[in-house]
Amino acid sequence: MYDWLIVGAGFAGSVMAERLASVRGGRVLVIDRREHVGGNAFDCYDASGVLMHRYGPHIFHTNSEMIFEYLSRFTDWRPYEHRVLAHVDGQLVPIPINRTTINVLYGLQLKTDEEVETFLRARAEPISEIRTSEDVVLARVGRDLYEKFFRSYTRKQWGLEPAELDKSVTSRVPTRANEDDRYFSDTYQYMPAEGYTRMFKRMLDLPNIDIQTGVDYAEIKGQVAHKRVIFTGPIDQYFDYCYGKLPYRCLEFKHVTLDVEHHQPVAVINYPQGEPYTRVTEYKHLTGQTHPRTTITYEYPCAEGDPYYPIPRPENSALYKRYEALAKAEKGVWFVGRLATYRYYNMDQVVGQALATFKRIDASLAGSTSEDRLKELA
Ligand code: FAD
Ligand code: UDP
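When we follow our numbering, the leftmost residue of the sequence shown carries the number -4, and every step to the right adds one.
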């Protein structure tokens, strides 16, 4: 009899497993329908021996010391600050848009933050209430930069107009008046020194954790005796799509190994114009690996396939709320992670959510709280 059956071995499932097994001493079974642990952060050496990310580029960044310290128990880190270039009008320019981007694109020589702010203010559109992902960009940089960097990238990535998406989506990408060309400005920006998969393996390496990969919850749920469940897959799938499908955006990855040492100047190049893919990643920039060959990945967003992104827009949140109400009433099951709580979360946010869920479970089980009360707390 397992105390916990954990569905999904990504960040959500693995952090829950580690905490429940190491702090509470529970007997844990972690399953994943994929053949490996790590979820979307899985990395491995490909046939040529290049360390790559099977599900697209994963860069760790957080402002939370607590989350960084927690993960540091399972990995050393390689300092890495992510830089991205966008291929716009035949040139490679920094994204997030910064002073260099504007100077290169418009043939200017703006020298101070104030000059850049004046340039942007002259182009920004007045928008009284910022609601959508289009509003965010138009209000900050105006239509020309919106068209060049955001409109068609967003249409490709989401199959929707920026105006149809919540403001939170394009708000992820700042606009800067200075020359800072880092993609993230968080305090902690690192890559796990030996890769994500090694980190996950260490996290799950406890005598009271069993792992079964290549196993779907549907196959196993009636077969393995367990007391409680942590579910980290898509929440609509758990409830047999009873209210209809919750939209998730899918991706196809084309991985290519090239017979050259380096392919592009930075880890990621974004393609916000005509190309059918959104971005191309070269992993050796992320990992620091030295190798005579190099592996790159093209990302092609699509409507059907494995779910990768919850799609933030009001009608989807409303549908999610209906599933969430079912989840709250489901006894002995907790829903954690990007797919199960339908949130466009980065890795650190999923770790934070899992640690917080664990704390609530732990506090409740330490007292005399009933199973119903436990569900309320979850
Ligand atoms: P997942 O990693 O999706 O894990 C869920 C697991 O559950 C999966 O392995 C799945 O196979 C399994 N599962 C689902 N249903 C079942 C079932 N029925 N039975 C058995 N198993 C099941 N975040 C960052 O912080 N930085 C980045 O640079 C970054 N880049 C990203 C790039 C891409 C292309 C994508 C898609 C995401 C990126 N993220 C990034 C986000 C990051 O991937 C997620 O925040 C994190 O991996 C979510 O962890 P999770 O455990 O919630 O979900
Ligand atoms: N975005 C864009 N052009 C870019 C980069 C981002 O239009 O060059 C928009 C797009 O809608 C994207 C969102 O901003 O989905 C968030 O970008 P981010 O790089 O954070 O996406 P992720 O890494 O999560 O795929």
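Backbone N, C-alpha and C define an ideal beta-carbon position, used for all residues, glycine too.
Name the DSSP beta bridge partners of residue i, please?
| i | result |
| --- | --- |
| N265 | A81 and R274 |
| K143 | Paired residues: none, contrary to the question. |
| W329 | I225 |
| L24 | L0 and D205 |
| Q184 | H56 |
| T127 | D161 |
| E247 | Y295 |
| W72 | P187 |
| C39 | M47 |
| Q86 | V83 |
| Y340 | Answer by DSSP bridge pairing: none, since Y340 is not bridged. |
| T252 | T290 |
| R177 | R78 |
Residue i: beta carbon under 7 Å from a heavy atom of the ligand UDP?
| i | result |
| --- | --- |
| I90 | yes |
| R333 | no |
| A265 | In the sequence on display, residue 265 carries Asn and not Ala. Yes, the Cβ of N265 comes within 7 Å of a heavy atom of the ligand UDP. |
| W153 | yes |
| F145 | yes |
| R355 | no |
| Y148 | yes |
| A134 | no |
| R197 | no |
| A81 | yes |
| R171 | no |
State the CB to CB distance for the pair residue i and residue j, rounded to an integer number of angstroms; the pair is presumed to be in contact (CB under 8 Å).
| i | j | result |
| --- | --- | --- |
| S9 | M198 | 5 Å |
| V23 | N173 | Actually they are not in contact, since the Cβ atoms of V23 and N173 sit about 47 Å apart, beyond 8 Å. |
| T282 | V263 | Actually they do not touch by this definition, with Cβ atoms about 13 Å apart. |
| M11 | F353 | 6 Å |
| W(-1) | I225 | 6 Å |
| R116 | L105 | That belief does not hold up - the Cβ atoms of R116 and L105 are roughly 13 Å apart, past 8 Å. |
Does the ligand FAD have even one heavy atom less than 7 Å from the beta-carbon of residue i?
| i | result |
| --- | --- |
| M194 | no |
| H53 | yes |
| A7 | yes |
| T227 | yes |
| D205 | no |
| Y(-3) | no |
Please classify residue i: is it buried, with 16 or more other beta-carbons within 10 angstroms of its beta-carbon, or exposed?
| i | result |
| --- | --- |
| V251 | exposed |
| S380 | In the structure as shown, the chain begins at -4 and stops at 373. Residue 380 is therefore absent and cannot be evaluated. |
| G20 | exposed |
| E124 | exposed |
| R68 | exposed |
| K143 | buried |
| A81 | buried |
| H280 | buried |
| H53 | buried |
| L103 | exposed |
| Y(-3) | buried |
| E156 | exposed |
| S180 | exposed |
| H257 | exposed |
| V132 | buried |
With a CB to CB cut of under 8 Å and the five nearest residues on each side skipped, what residues in its chain are close to residue i?
| i | result |
| --- | --- |
| A188 | T70, D71, W72 and R73 |
| D41 | M47, H250, T252 and T290 |
| A361 | none |
| E30 | T208 and G209 |
| D357 | R14, V18 and R19 |
Only counting the same chain, and skipping five residues up and downstream in sequence, which positions put a Cβ closer than 7 Å to that of residue i?
| i | result |
| --- | --- |
| G34 | G3, A4, G5 and F6 |
| Y278 | V45, L46, M47, H48 and T290 |
| T273 | Y148, K151, Q152, N265, Y266, E294 and P296 |
| R126 | K162 |
| P89 | L80, T95, T96 and D176 |
| R308 | E159, L160 and D161 |
| V345 | F6, A7, G332 and R333 |
Answer yes or no: does any C-beta atom of chain D fall closer than 8 Å to that of residue i?
| i | result |
| --- | --- |
| V331 | This model lacks chain D altogether, as it is built from one protein chain only. |
Kindly list the residues whose CB is nearer than 6 Å to the CB of residue i, restricted to its own chain and excluding five residues on each side of it in sequence; keep chain order.
| i | result |
| --- | --- |
| L15 | W(-1), G21 and V23 |
| S363 | Confidence in S363 is poor, its pLDDT being 42 and thus under 50, which makes the residue's placement unreliable; the coordinate value appears in the next sentence. Counting only Cβ-Cβ distances below 6 Å, and skipping sequence neighbours, we find nothing. |
| F195 | S9, V32 and G33 |
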